[in-house]
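Residue numbers (the UniProt record's numbering): 1 to 190.
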Amino acid sequence: MRVEITSRHCDIPENLKERVETRVQKILRYDDRIQEARVVVNFERNRFNAEATVKSNGAFLVSHAEEDTDKNALEQVLDRLEKQVRRHHDRVVKGRKKGGSLASASIEAMPQVGEVVEEKFENVFDESDYEGLVAEDPGDFGVAMAIPEALAMLRASSRDCLGFTNADNDHKTLLYKRRDGNFGVVEVEP
């Protein structure tokens, strides 16, 4: 992760820069998906303004503080940023536990492109898994493709399921997103 510390109209001592870097590294324990952090200190009208920005998997978290000294401004802005990152992480985890958006589901839990995911089902279907399921093209299984291609297509779309004809065995196949973030495959034999 990149940490960028910038000062405008003032100089920040090295020990304070090191303190900022250690505090930002401490914030990483709440969210390991943080890609970059920027801290800007500006001296204006005899006051220090500090701003900290963190980019975490597409979400930008920003905090501001204004104090008499650069140290106090940096400490306050990093405290606020830590609180924001913690709340953001809790919201993401809470959404995952409730079966929230699949965008926040763990990437590691999902199979990779090219990896074939097939499950053998023995009366394990639960009707609650299909609440809100909408078929855009009912009965249209005319598109022939392999399961890895369909998996890549389903990941890229906002749909919950994809019906296609399996190119390997010419069976009608339904690929769907599960609430736990994984994918399921249902094949109908002719």
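Glycine is no exception: its CB is placed at the ideal position from the N, C-alpha and C atoms.
**Request:** Kindly list the residues whose CB is nearer than 6 Å to the CB of His64, restricted to its own chain and excluding five residues on each side of it in sequence; keep chain order.
**Result:** If you number the sequence shown from 1, residue 64 lands on position 64. Excluding the 5 residues flanking it on each side, His64 has same chain C-beta neighbours closer than 6 Å at Glu51, in chain order.
**Request:** Could you check which residue in Ile27, Ile34 and Pro13 has the C-alpha nearest to that of Lys71?
**Result:** The residue you call residue 71 lines up with position 71 of the sequence shown. Answer by Cα proximity: Pro13.
**Request:** Work out the CA separation of Val188 and Asn123 for me, nearest whole Å.
**Result:** Working through the sequence shown from its first residue, we reach residue 123 at position 123. Working through the sequence shown from its first residue, we reach residue 188 at position 188. Its pLDDT being 48, under 50, Asn123 is placed unreliably by the model, and the measurement read from it follows with that caveat. Approximately 15 Å, taken between the alpha carbons.
**Message:** Between Thr69 and Val40, how many whole angstroms is the CB-CB distance? I'm expecting something under 8 Å.
**Reply:** Here residue 69 corresponds to residue number 69 of the sequence shown, with the count starting at 1. Here residue 40 corresponds to residue number 40 of the sequence shown, with the count starting at 1. Val40 and Thr69 do not touch by the CB rule: their CB atoms are close to 16 Å apart, not below 8 Å.
**Asked** Which one of Arg38, Arg45 and Val186 has the shortest CA to CA distance from Val54?
**Response** Position 54 of the sequence shown, counted from the start, is the residue given in the question as residue 54. Of the listed residues, the one whose Cα sits closest to Val54 is Arg38.
**Asked** Should Phe60 be labelled buried (16 or more other beta-carbon atoms within 10 Å of its own) or exposed?
**Response** Reading the sequence shown from its first residue, position 60 is the one you call residue 60. Flag for Phe60 reads exposed.
**Message:** Please report the distance separating the alpha-carbon of Ser104 from that of Glu4.
**Reply:** Here residue 104 refers to the residue found at position 104 when the sequence shown is read from its first residue. Here residue 4 refers to the residue found at position 4 when the sequence shown is read from its first residue. With a pLDDT of 47 at Ser104, under the threshold of 50, the predicted position of this residue should be treated as unreliable, and no value is reported.
**Request:** Report the three-state DSSP secondary structure of Val77 (helix, strand or coil).
**Result:** Looking up residue 77 in the sequence shown gives position 77. Looking at Val77 - three-state DSSP - the assignment turns out to be helix.
**Asked** Among Arg23, Asn49, Arg80 and Asn15, which has the Cα closest to the Cα of Val62?
**Response** Taking the first residue of the sequence shown as 1, we reach residue 62 at position 62. Comparing C-alpha distances from Val62 to each of Arg23, Asn49, Arg80 and Asn15 shows the shortest one belongs to Arg80.
**Request:** With Val39 as the anchor, note down where its beta strand (DSSP E) starts and where it stops.
**Result:** Residue 39 sits at position 39 when you count from the first residue of the sequence shown. Where Val39 is concerned, the enclosing beta strand (DSSP E) stretches over Ile34 to Glu44.
**Item:** 6 Å CB neighbourhood of Arg19 in its chain, flanking five on each side removed
**Value:** Locating residue 19 in the sequence shown gives position 19, where the first residue counts as 1. Cβ within range, chain order: n/a, list empty.
**Item:** Residue range of the unbroken alpha helix (DSSP H) whose run includes Arg155
**Value:** Looking up residue 155 in the sequence shown gives position 155. Note, Arg155: alpha helix (DSSP H), Ile147 to Ala156.
**Request:** Go through its chain and collect everything with a Cβ distance to His89's Cβ below 6 Å, but skip five positions before and after it.
**Result:** On the sequence shown, position 89 is the one that residue 89 refers to. Around His89: Tyr30 and Asp31.
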